[in-house]
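Data first, discussion second: the structure below is written as structure tokens.
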Amino acid sequence: MTFSFDDVRAQALAWPGVEDGTSYGTPALKVRGKLLARLREDGDTLVVTGVDTDERALLMAIEPAVYHLTNHYVGWPIVLARLSAIPDQGSLDKVMGLLHRQWRAVAPKTLVRRFDAAGSA
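In the working numbering, the protein residues as written are 52 to 172.
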């Protein structure tokens, strides 16, 4: 099974306030203008925000085929995920978990409360 940005996008758009956007000329997911993730120019790599260096190192050690980093992102709370290397739904769920956590961090608290009250968490 091969996953794509469309798979990530479809799940993320179910969260309140998430919208399509662009970042550096590529498709992105944003909440009120704040970046959650974007697709890199290669069309296969997802830039996932809100991942600290310790967690990033752990992800890269556990699933090196999926998670990686380029020198450009070393100083940022970001990990890169190769969508075509995600082996199964469980691994995609991990990526979505990272995005959902970042959504909770950047979305307006009223949207998060409404989402939680609806039992969608």
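Idealized CB from N, CA, C, for every residue including glycine. The structure displayed is predicted, hence computed values, not measured ones.
Margin query: Mapping the DSSP letters down to three states, classify L149 as helix, strand or coil.
Written below: helix
Notebook entry, point to check: Is L143 closer than 8 Å to D58 when the C-beta atoms are compared?
Noted result: yes
Note to self: Using C-beta distances below 6 Å, list every residue in its chain close to V99, excluding the 5 sequence neighbours before and after it, in chain order.
What the structure shows: The answer, listed in chain order, is A88, V130, A132, L149.
Next item on the list: Given a cut-off of 8 Å, decide if F56 and L86 are closer than it, judged by their beta-carbon atoms.
Entry: Their beta carbons are not under 8 Å apart, which means L86 does not touch F56 by this criterion.
Margin query: Pull the bridge partners of D71 from the DSSP assignment, please.
Written below: L80
Checklist line | Range covered by the beta strand (DSSP E) that runs through I137 | finding: Counting along the chain, I137 falls outside any beta strand (DSSP E), and DSSP gives it neither H nor E.
Checklist line | Sequence-distant residues of the same chain with beta carbon closer than 6 Å to Q153, five excluded per side | finding: Taken in chain order, the residues that qualify are L87, T100, G101.
Checklist line | For Y119, the residue or residues it bridges with in DSSP | finding: According to the sequence displayed, residue 119 carries His and not Tyr. Per DSSP, L131.
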